[in-house]
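Have a look at this one:
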């Protein structure tokens, strides 16, 4: 069985990337008091909520809402393992491995406004144009690919004047670090709200 060694930060990033796989799981081994300890980390749904379960093999089980994995999993791992432990992960099953295959973002069509993937393109005007119905926006928008969309919202953030960036980031000293600290979903929500909806009501002082 192939194994790979991960630091705690690398393991957390791996679990966060795997996402909810409806029962997919991996076995993780680290050190507790200098001795090997194994737990299972599983992604599933619990009452329609994506949840990450950690534990098993005679250990208590902790549950983390999947949206909180990046923030809370490090502390949960510290409850099971030595804080300076590294980890081995047994060969990942095919269903999870498929989730880790890098996406070709240039081939993923998204809404130009909100970046959502749940769009329905259709031809109109005798097939010369493409319009896209976005259920998230509840409007028609052109489509773009995910790679170009990410580049566009990064360029938008860079183009803001200092006063606007300071207002949106709640006074962050490093505007670029603050922007990079956001998840992609947070970035695209902010972009849609300010650039497309022109709604600054939550930021007015």
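In my numbering, the protein residues as written are 2 to 206. Glycine included, C-beta positions come from ideal geometry on N, C-alpha and C. As the structure is a computational prediction, the values presented were derived from the model and not from experiment.
On the CB-based measure, 16 or more other CB atoms within 10 Å of its CB, does residue i come out buried or exposed?
i	result
residue 40	buried
residue 62	exposed
residue 107	exposed
residue 242	Residue coverage of the chain in this structure runs from 2 to 206, which leaves residue 242 outside it and unanswerable.
residue 170	buried
What number of angstroms, rounded off, separates the C-alpha of residue i from the C-alpha of residue j?
i	j	result
residue 149	residue 117	13 Å
residue 167	residue 176	7 Å
residue 89	residue 197	45 Å
residue 78	residue 15	14 Å
residue 120	residue 43	30 Å
residue 91	residue 11	15 Å
residue 191	residue 35	46 Å
residue 53	residue 181	25 Å
residue 139	residue 193	13 Å
residue 152	residue 109	14 Å
Counting only the same chain and skipping the five closest in sequence on each side, list residues whose C-beta sits under 7 Å from that of residue i.
i	result
residue 145	111, 113
Tell me which residues share the same chain as residue i and place their Cβ nearer than 8 Å to its Cβ, disregarding the 5 neighbours each side in the sequence.
i	result
residue 81	31, 33, 38, 40, 55, 56, 60
residue 6	87, 88, 89
Excluding the 5 residues preceding and the 5 following residue i in the sequence, name in chain order all residues of the same chain whose CB lies nearer than 6 Å to its CB.
i	result
residue 142	112, 113, 114, 133, 135
For a test of your reading of the model: does the CB of residue i fall under 6 Å from any non-hydrogen atom of the ligand FAD? Yes or no.
i	result
residue 157	As far as ligands go, the structure on display features none, and thus does not contain the ligand FAD.
Report task. Tell me the start and end of each unbroken beta strand (DSSP E) in the region 4-65 that is at least 3 residues and wholly inside, in chain order. Result -> As for any beta strand (DSSP E) of minimum length 3 sitting wholly inside the region 4-65, the runs are 4-7, 26-33, 36-47, 50-57, ordered along the chain.
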